[in-house]
Amino acid sequence: MSAINSSSDPKVGIVSLGCPKALVDSERIITQLRTEGYQVVPEYADANVVIVNTCGFIDSAVEESLDAIGEAMAENGKVVVTGCLGKRADVISERFPDVLSISGPQDYESVMTAVHAQVPPKHDPFIDLVPPQGIKLTPRHYAYLKISEGCNHRCSFCIIPSMRGNLRSRPVNDVLAEAERLVRSGVQELLVISQDTSAYGVDTRYAQYPWKGRQVATRMIDLVRELGELDAWVRLHYVYPYPHVDQIIPMMAEGKVLPYLDIPFQHASPKVLKAMKRPAHAEKVIDRIKNWRKQCPDLTIRSTFIVGFPGETEDDFQMLLDFLTETELDRVGCFTYSPVEGATANQLANPVPEDVAQNRFDRFMTLQAEISARRLSAKVGRVEEVLIDEIDEDGALGRSRGDAPEIDGVVRVNDGHDLKPGQRVQVLIEASDNYDLAGRLSA
Ligand code: SF4
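418 is the number that my numbering gives to position 92 of the sequence shown; each next residue is one higher, with no gaps.
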């Protein structure tokens with residue numbers, strides 16, 4: 327029996343909130359805990375101490391984080407708080423003066439120090455039983471690959487740079503070694519994340535590192551080219567439409583990386599984008615998208631938008647609807663603007679009344695549902711590669727190359743009862759609705 331699972335091991339509970347980047351932080355913390363012989367347990371009552379990894383991006387996330395801390399305090403009472411909201415320690419300590427420690431994102435050391443103080447690690451001769459790829463919170467067949475931390479932009483609605491600091495890119499050989507380890511351990515899909523993937527390496531002046539006998543630059547295009555050599559799906563998130571993104575499209579057309587771009591456009595009106603201080607807002611996006619699709623017709627574009635930003639007029643909003651109609655983005659998320667404490671956008675004039683913002687949100691989503699349904703219906707009759715996520719009584723559920731886990735749609739494989747999670751199969755698409763596809767295994 328592995329000493330790692332002995333009942334006398336010190337036990338830690340972890341609650342992980344927020345975005346994929348926070349999830350990666352939680353994975354690192356769990357890996358460290360397991361390395362030191364701690365057991366990670368799902369029940370508050372079994373834990374000697376509970377770590378709450380918080381999110382502080384928007385006010386609803388702050389509330390969710392505070393609720394999670396409150397629940398952990400009530401159920402366990404020994405609570406270590408970390409993550410984005412940790413940067414606003416006063417908010418936490420005002421409400422919960424008895425938490426054991428508060429630290430910001432990536433401050434693994436503070437978290438471990440607080441855990442050690444509460445429950446010391448058990449000396450364990452089997453510590454290297456931790457698998458070399460670390461412990462992952464995502465299912466075994468996909469994994470997030472965090473390539474950098476922080477952001478050099480100062481979007482007026484966002485407080486991430488004040489919480490996470492300026493861009494710091496990981497050396498490219500370090501990222502590639504992690505990617506290779508993950509793929510070797512069975513990962514079928516790598517999801518590349520950061521705050522600004524297209525800016526990867528800018529802070530290091532694209533420093534070169536040795537990788538497999540040659541020099542590779544810490545730069546998005548070089549990273550993507552190398553990741554494309556691994557036998558896994560590679561999906562790019564948080565890409566801004568800088569001109570050099572054009573160079574990635576041929577690699578997508580060749581099938582080296584998934585034909586999928588997650589670009590958070592946030593708006594289409596130049597006036598609103600300027601007020602948001604968005605990166606790359608002056609690029610000729612509509613023409614670029616058309617050109618990308620010409621080169622790579624299978625390209626799926628996902629994006630997020632904010633409606634009701636201060637100063638947004640009906641004309642600005644109409645411009646956004648026209649942009650959607652013209653670009654026919656495949657996957658789109660939308661939020662109504664909500665002020666975030668500490669964001670400079672709070673000082674902007676002409677806030678949009680809540681009912682107007684809600685009305686715009688509804689109109690936006692109605693139009694997008696039609697677009698999404700139309701684009702998905704064009705896939706009926708085609709054979710798509712599908713990565714299986716789970717099996718249930720109705721068959722199997724998986725995702726096509728155009729679906730990122732948790733945020734996009736799914737593909738139901740009606741005759742997929744005998745499949746296994748992590749398998750990649752060919753599926754004949756027979757039906758579609760607004761967001762999802764269904765079909766059967768292709769002979
Ligand atoms: S690009 Fe803008 S929204 Fe994204 S993390 Fe940086 S400042 Fe925030």
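Beta carbons are placed, not taken as given, at the ideal position from N, Cα and C, and that holds for glycine.
{"Item": "Starting from the Cα of Arg551, find the closest Cα among Lys582, Arg540 and Lys538 and give me that residue.", "Value": "Lys582"}
{"Item": "Rounded to the nearest angstrom, what separates Glu638 and Ser482 at their Cα positions?", "Value": "14 angstroms"}
{"Item": "Could you pull out every residue in the same chain whose Cβ sits closer than 7 angstroms to the Cβ of Arg701, ignoring the five residues on either side in sequence?", "Value": "Glu654 and Asp656"}
{"Item": "Taking the alpha helix (DSSP H) that Ser419 falls in, what are its first and last residues?", "Value": "Ala415 to Arg421"}
{"Item": "Please state the DSSP three-state secondary structure of Gly721.", "Value": "strand"}
{"Item": "Considering only residues of the same chain and omitting the five flanking positions on each side of Met399, which have a CB-CB separation below 8 angstroms?", "Value": "Val405, Phe422, Asp424 and Val425"}
{"Item": "Would you kindly work out how many angstroms separate the C-alpha atoms of Pro596 and Ile612, rounded to a whole number?", "Value": "13 angstroms"}
{"Item": "Among Ala695, Pro497, Asp529 and Pro368, which one has its Cα closest to the Cα of Gly735?", "Value": "Ala695"}
{"Item": "On the premise that Ser524 lies in contact with His570, defined as a C-beta separation below 8 angstroms, what is that separation, rounded to the nearest angstrom?", "Value": "7 angstroms"}
{"Item": "Three or more beta-carbon pairs under 8 angstroms between the stretch 623-633 and the stretch 437-445, yes or no?", "Value": "no"}
{"Item": "Is the separation between the beta-carbon of Asp715 and that of Pro677 shorter than 9 angstroms?", "Value": "no"}
{"Item": "Is Gln592 buried or exposed, if buried means 16 or more other CB atoms sit within 10 Å of its CB?", "Value": "buried"}
{"Item": "Check this for me: beta carbons of Arg561 and Ala699, under 9 angstroms apart or not?", "Value": "no"}
{"Item": "Would Glu667 and Val388 be called neighbours here (beta carbons separated by less than 9 angstroms)?", "Value": "yes"}
{"Item": "So, is Arg494 buried or exposed, given that buried needs 16 or more other C-beta atoms within 10 angstroms?", "Value": "exposed"}
{"Item": "Measure from the alpha carbon of Leu625 to the alpha carbon of each residue in Glu504, Lys705 and Phe661, then state which is nearest.", "Value": "Lys705"}
{"Item": "Which residue wins for smallest C-alpha separation from Ile733, given the options Pro585, Tyr566, Phe690 and Leu517?", "Value": "Leu517"}
{"Item": "What span of residues does the alpha helix (DSSP H) with Lys600 cover, start to end?", "Value": "Pro596 to Met602"}
{"Item": "Quick test of your reading: Val712 and Val739, contact by CB under 8 angstroms. State the CB separation rounded to the nearest angstrom.", "Value": "6 angstroms"}
{"Item": "Please confirm if the stretch 532-541 is in contact with the stretch 493-512, defined as three or more CB-CB distances below 8 angstroms between the two stretches.", "Value": "yes"}
{"Item": "Which runs of the beta strand (DSSP E) spanning at least 3 residues fall entirely within the stretch 553-588, listed in chain order?", "Value": "559-562 and 586-588"}
{"Item": "State yes or no: is the C-beta of Val376 within less than 9 angstroms of the C-beta of Gly339?", "Value": "yes"}
{"Item": "Suppose the cutoff is 8 angstroms on Cβ atoms and the five residues either side in sequence are ignored; what does the same chain contact list for Asp770 look like?", "Value": "There is simply no residue 770 to check, as the chain begins at 327 and stops at 769 in what is shown."}
{"Item": "At a cut-off of 8 angstroms, would you count His479 as near the ligand SF4, judging by its Cβ distance to the nearest heavy atom?", "Value": "yes"}
{"Item": "Assuming Leu650 is part of the alpha helix (DSSP H), what are its boundary residues?", "Value": "Glu640 to Thr653"}
{"Item": "What are the boundary residues of the beta strand (DSSP E) that Glu805 is part of?", "Value": "Outside the modelled stretch of the chain, which goes from 327 to 769, sits residue 805, for which no answer is possible."}
{"Item": "I'd like to confirm something about Ile486: is its beta-carbon nearer than 8 angstroms to some heavy atom of the ligand SF4, or not?", "Value": "yes"}
{"Item": "Tell me, which residues are paired with Glu475 by DSSP?", "Value": "Arg494"}
{"Item": "Buried or exposed for Ser391, please, with buried defined as at least 16 other CB atoms from any protein chain shown within 10 angstroms of its CB.", "Value": "buried"}
{"Item": "Please classify Gln358 as buried or exposed, where buried requires at least 16 other C-beta atoms within 10 Å of its C-beta.", "Value": "buried"}
{"Item": "By DSSP, does Gly412 sit in helix, in strand, or in coil?", "Value": "helix"}
{"Item": "Rounded to whole angstroms, what's the CA-CA distance from Asp557 to Leu647? Just pull it up for me.", "Value": "39 angstroms"}
{"Item": "Can you tell which of Gln749, Phe661, Val753 and Asp718 has the C-alpha that lies nearest to the C-alpha of His743?", "Value": "Asp718"}
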